[in-house]
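To start, the structure under review is shown below, and the notes come after it.
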Amino acid sequence: MTTQERILAVIQKVAQKPIPADPEESLFESGVLDSFALPDMVSALEQEFKMKVPDADLNPRKFDSVARIENYIEVHAA
Amino acid sequence: MAFLQAFGCYVPSRVVGNAELATRLGCEADWILTMSGIVERRYAEPSESVIDLAERAAHDCLNRANVEASKLGMVIVSSGSSPRRFPGPAAETAARLGVPGIPAIDVPMASAGSLFGLAMAAHLAGVYGPILLIAAEKMSAVVEHPPLDRNTAILFGDGAGACLIDPNEGPAKIVDSRLHSDGSFAENLKLEFDQPIHMDGRTVILQASRKVPAVIRELLDPHALPASAIDTFLMHQANQNLIVRIAQALEVAPEKFFSNIARYGNTSSASMLIAATEWSAQSGFKRDTPVVFAGFGAGFHWGALLVVGS
Numbered sequence: 121m122t123t124q125e126r127i128l129a130v131i132q133k134v135a136q137k138p139i140p141a142d143p144e145e146s147l148f149e150s151g152v153l154d155s156f157a158l159p160d161m162v163s164a165l166e167q168e169f170k171m172k173v174p175d176a177d178l179n180p181r182k183f184d185s186v187a188r189i190e191n192y193i194e195v196h197a198a
Numbered sequence: 122m123a124f125l126q127a128f129g130c131y132v133p134s135r136v137v138g139n140a141e142l143a144t145r146l147g148c149e150a151d152w153i154l155t156m157s158g159i160v161e162r163r164y165a166e167p168s169e170s171v172i173d174l175a176e177r178a179a180h181d182c183l184n185r186a187n188v189e190a191s192k193l194g195m196v197i198v199s200s201g202s203s204p205r206r207f208p209g210p211a212a213e214t215a216a217r218l219g220v221p222g223i224p225a226i227d228v229p230m231a232s233a234g235s236l237f238g239l240a241m242a243a244h245l246a247g248v249y250g251p252i253l254l255i256a257a258e259k260m261s262a263v264v265e266h267p268p269l270d271r272n273t274a275i276l277f278g279d280g281a282g283a284c285l286i287d288p289n290e291g292p293a294k295i296v297d298s299r300l301h302s303d304g305s306f307a308e309n310l311k312l313e314f315d316q317p318i319h320m321d322g323r324t325v326i327l328q329a330s331r332k333v334p335a336v337i338r339e340l341l342d343p344h345a346l347p348a349s350a351i352d353t354f355l356m357h358q359a360n361q362n363l364i365v366r367i368a369q370a371l372e373v374a375p376e377k378f379f380s381n382i383a384r385y386g387n388t389s390s391a392s393m394l395i396a397a398t399e400w401s402a403q404s405g406f407k408r409d410t411p412v413v414f415a416g417f418g419a420g421f422h423w424g425a426l427l428v429v430g431s
């Protein structure tokens with residue numbers, strides 16, 4: 121699986137809602153994530169990619185879209 | 122370290138249910154319940170001030186402790202909704218209790234104020250004698266500031282809680298505490314004078330869901346206490362969904378987290394002491410049994426405090 125496919129699988133598992141086809145589209149504005157699904161998703165991403173997101177990076181904008189998540193993981197995942 | 126001797130509280134009589142709020146905010150009552158776990162909250166009368174709420178909670182606490190106000194060595198008042206820049210409500214509250222002249226300290230921190238006040242009182246009681254910590258909030262005046270924001274208006278209610286901290290005796294001994302602050306997040310939750318409250322809920326919840334379990338572990342680890350060994354968690358009642366996530370992160374049953382948010386909403390710094398008052402009346406401290414207090418709020422400020430039944 122590609123990184124993006126793994127991210128989509130994580131989001132699907134946490135949100136259980138249809139994910140926008142456009143990876144740039146906001147996961148919040150499209151209704152996929154709400155305030156409480158966000159920490160669940162970040163925890164699931166940490167498990168999937170075996171990484172730890174430091175508190176300083178816990179900014180919703182970094183996880184607002186599939187593209188932004190992919191960018192973050194490419195930079196920070198081992 | 123000092124002892125918790127008694128709790129007390131006061132909530133206004135006016136009940137504001139979700140249906141009433143939903144009509145004004147243009148949303149569904151069920152949406153409010155789903156997003157917050159809140160069924161109703163209390164609103165003070167327009168003539169009722171933060172100091173009025175503080176005074177009533179103080180009397181309730183002193184009555185439960187059977188202690189005269191004249192025995193107090195210090196008063197600490199936590200409030201993030203006091204309307205005046207200065208003086209804060211502490212000195213006037215002490216004067217109303219009939220103890221002008223003793224030191225009275227304001228803690229204008231909002232939600233985490235009562236937790237920080239408890240931790241400070243634990244250290245100060247040995248020097249000043251019995252300390253009455255009060256947390257009083259009139260959050261209705263805050264959320265009613267136009268324009269109405271449904272994301273905040275659904276959450277908050279009014280009320281006050283109090284705790285008497287004694288240097289020598291009480292049903293629970295304060296064992297340890299951990300406090301943290303990070304002003305990097307000051308803009309994410311703030312209340313400017315004459316402005317509506319600003320809350321970036323996503324950041325608040327994301328940070329709180331990590332920081333609160335972490336500080337509880339930081340508190341318990343040196344005492345070789347797993348979270349599962351804690352009898353009860355008495356937290357700031359911010360949002361039921363957040364409380365459940367913190368319980369899950371600590372791998373303990375959510376039922377271990379005492380909750381009354383459904384009936385009072387989020388009363389900011391007052392909420393933890395109102396919860397403690399109700400919990401202590403229902404079950405209370407048991408000998409050698411640990412209980413954890415925890416809070417998180419604007420600043421961000423967060424922390425946790427360990428007590429053991431004596």
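Chains as they are written, first to last, in my numbering: chain A, 121 to 198; chain B, 122 to 431. Just so you know, even glycine gets a beta-carbon here, dropped at the ideal spot from N, CA and C.
Quick check on this structure: which residue in the options has the alpha carbon closest to the alpha carbon of residue i?
i              : options                        : result
P180 (chain A) : B:N309, B:M241, B:D151         : B:N309
S191 (chain B) : B:I255, B:G222, B:I172         : B:G222
V248 (chain B) : B:H357, B:G194, B:E149, B:A348 : B:G194
P268 (chain B) : B:E290, B:I255, B:A242, B:I318 : B:I318
A129 (chain A) : A:E194, A:E190, A:V195         : A:E190
G424 (chain B) : B:R299, B:D321, B:S349, B:A246 : B:R299
S168 (chain B) : B:F237, B:I337, B:R135         : B:R135
L371 (chain B) : B:Y385, B:I337, B:T388         : B:I337
L253 (chain B) : B:E265, B:L239, B:H266, B:A262 : B:L239
D315 (chain B) : B:L340, B:E265, B:L146, B:A335 : B:E265
A135 (chain A) : A:A197, A:K182, A:F156, A:D142 : A:F156
D497 (chain B) : B:A415, B:L427, B:A178         : A question about residue 497 (chain B) goes unanswered here, because the residues of chain B that appear run from 122 up to 431.
M171 (chain A) : A:E125, A:V195, A:T122, A:A141 : A:V195
The alpha helix (DSSP H) spanning residue i covers which residue range?
i              : result
E399 (chain B) : 391-403
K133 (chain A) : 123-135
M199 (chain A) : The question about residue 199 (chain A) has no answer here: the residues shown for chain A are numbered 121 through 198.
K332 (chain B) : 322-341
I226 (chain B) : Premise fails: I226 (chain B) lies in the beta strand (DSSP E), 225-228, not in any alpha helix (DSSP H).
F237 (chain B) : 234-249
H196 (chain A) : 186-196
I286 (chain B) : Premise fails: I286 (chain B) lies in the beta strand (DSSP E), 279-287, not in any alpha helix (DSSP H).
Thinking residue i and residue j are a contact (beta carbons under 8 Å), I'd like their distance in whole angstroms, please.
i              : j              : result
A140 (chain B) : A281 (chain B) : Actually they are not in contact, since the Cβ atoms of A140 (chain B) and A281 (chain B) sit about 26 Å apart, beyond 8 Å.
G129 (chain B) : P292 (chain B) : Between P292 (chain B) and G129 (chain B) the Cβ distance is about 14 Å, and since that is not below 8 Å, they are no contact.
V429 (chain B) : L355 (chain B) : That belief does not hold up - the Cβ atoms of V429 (chain B) and L355 (chain B) are roughly 14 Å apart, past 8 Å.
K259 (chain B) : A165 (chain B) : 5 Å
D297 (chain B) : H344 (chain B) : 7 Å
I295 (chain B) : A175 (chain B) : So it is not a contact: roughly 22 Å between Cβ atoms.
P224 (chain B) : A257 (chain B) : Not quite, the Cβ-Cβ distance comes to about 18 Å (not below 8 Å), so this is no contact.
I139 (chain A) : M161 (chain A) : No, I139 (chain A) and M161 (chain A) are not in contact; Cβ-Cβ is about 11 Å, not under 8 Å.
E149 (chain A) : A187 (chain A) : Rounded, the Cβ-Cβ distance is 14 Å, inconsistent with contact.
K133 (chain A) : A164 (chain A) : 7 Å
How would you write the range of the beta strand (DSSP E) that residue i sits in, first residue to last?
i              : result
C130 (chain B) : 124-131
I202 (chain B) : In the sequence as displayed, the identity of residue 202 (chain B) is Ser instead of Ile. Taken as a continuous stretch (DSSP letters only), S202 (chain B) belongs to no beta strand (DSSP E), as it is neither H nor E.
E213 (chain B) : Note, E213 (chain B): premise wrong, no beta strand (DSSP E); alpha helix (DSSP H) at 210-217.
A256 (chain B) : 252-259
H422 (chain B) : 422-430
D303 (chain B) : Per DSSP, D303 (chain B) belongs to no beta strand (DSSP E) and is neither H nor E.
A415 (chain B) : 411-418
V137 (chain B) : 135-138
E372 (chain B) : Neither: E372 (chain B) is in no beta strand (DSSP E) and is coded neither H nor E.
Distance cutoff 8 Å, beta carbons only. Does residue i sit that close to anything in chain D?
i              : result
D151 (chain B) : Protein chains A and B are contained in the structure displayed, whereas chain D is not.
Any heavy atom of the ligand MG closer than 7 Å to the beta-carbon of residue i?
i              : result
D279 (chain B) : Ligands are entirely absent from the displayed structure, and the ligand MG is therefore not among its contents.
Exercise for review: Determine, using beta-carbon pairs with one atom in the region 231-251 of chain B and one in the region 199-218 of chain B, whether at least three such pairs fall under 8 Å.
Suggested key: yes
**Study point:** Cβ contact (3+ pairs, closer than 8 Å) linking the region 147-163 of chain B and the region 264-281 of chain B
**Key:** yes
**Study point:** Cβ pair count under 8 Å reaching 3, the region 178-192 of chain B against the region 276-292 of chain B
**Key:** yes
Exercise for review: Count the CB pairs spanning the region 395-410 of chain B and the region 367-386 of chain B that are closer than 8 Å, and state whether there are at least three.
Suggested key: yes
Review point. Is there contact here, the region 361-374 of chain B with the region 324-342 of chain B, by at least three beta-carbon pairs under 8 Å?
Key: yes
Point to revise | Residues of the region 153-183 of chain B with Cβ closer than 7 Å to any Cβ of chain A, in chain order | key: none
Point to revise | Contact residues within the region 125-149 of chain A, judged by C-beta distance below 9 Å to chain B | key: F148
Exercise for review: Report the residues of the region 315-331 of chain B with a CB closer than 7 Å to any CB of chain A, ordered along the chain.
Suggested key: G322, R323, T324, I326, L327, Q328, S330, R331
**Study point:** Within 7 Å of chain A by C-beta, residues of the region 348-373 of chain B in sequence order
**Key:** N362, R366
Practice item. Please list the residues of the region 171-183 of chain A that have a C-beta atom closer than 8 Å to any C-beta atom in chain B, keeping them in chain order. Key: D175, A176, L178, N179, P180
Exercise for review: Could you please tell me which residues of the region 149-160 of chain A, in chain order, have their CB closer than 7 Å to any CB of chain B?
Suggested key: S155, F156, L158, P159
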